[in-house]
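Per our numbering, the sequence shown starts with residue 99, numbered consecutively.
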Amino acid sequence: SKFDMAWNEKYAELIEFHAQNQHSNVPSSHPNKKLFRWVTNQRSQWKNQKKSMTPERIQNLNDLQFSWCNRSTWEKRFDELNSYHSAHGHSKVPINDEEYIELGRF
99 SKFDMAWNEK
109 YAELIEFHAQ
119 NQHSNVPSSH
129 PNKKLFRWVT
139 NQRSQWKNQK
149 KSMTPERIQN
159 LNDLQFSWCN
169 RSTWEKRFDE
179 LNSYHSAHGH
189 SKVPINDEEY
199 IELGRF
């Protein structure tokens, strides 16, 4: 199907990314925004147990050490939250806090 062809095309791009970077965690800052969105979508489909996320696709992604949960972002924000809590005595980060803008949005 055309959906399978599109998936295989993005998977080929991920193989290339993996070969160049030794990981498959495409950052949001990567120039290929479509690949970043595709990787994010794969995580979402897996998490929500969508039928399109077949065992074969899961295996293909696992072959590239695919990170099903973007732990690095979560861990970074958790560290920021600990710092914020230490500095302010609470964890209610305002969305417009200049120093912790990404954490506020998270």
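For glycine and all other residues, C-beta sits at the position ideal for the given N, C-alpha and C.
Since this is a predicted model, take the numbers as computed values, not measurements.
Of the listed residues the options, nearest to residue i (C-alpha basis)
i, options, result
"residue 136", "117, 111, 200 and 195", "111"
"residue 104", "180, 132 and 124", "132"
"residue 204", "189, 187, 175 and 188", "175"
"residue 158", "99, 100, 113 and 101", "113"
"residue 126", "138, 116 and 117", "138"
Cβ separation of residue i and residue j, assumed to be a contact under 8 Å, to the nearest whole Å
i, j, result
"residue 141", "residue 168", "7 Å"
Limits of the alpha helix (DSSP H) - the one that residue i falls within
i, result
"residue 153", "153-160"
"residue 148", "No alpha helix (DSSP H) contains residue 148, which DSSP labels as neither H nor E."
"residue 106", "100-119"
"residue 199", "199-203"
Same chain only: Cβ atoms within 6 Å of residue i, ignoring 5 sequence neighbours per side
i, result
"residue 191", "182, 198, 201 and 202"
"residue 116", "122 and 162"
"residue 134", "124, 126 and 128"
Cut-off 7 Å between Cβ atoms - residues of its own chain near residue i, not counting five sequence neighbours on either side
i, result
"residue 163", "121 and 122"
"residue 143", "150 and 151"
"residue 109", "158"
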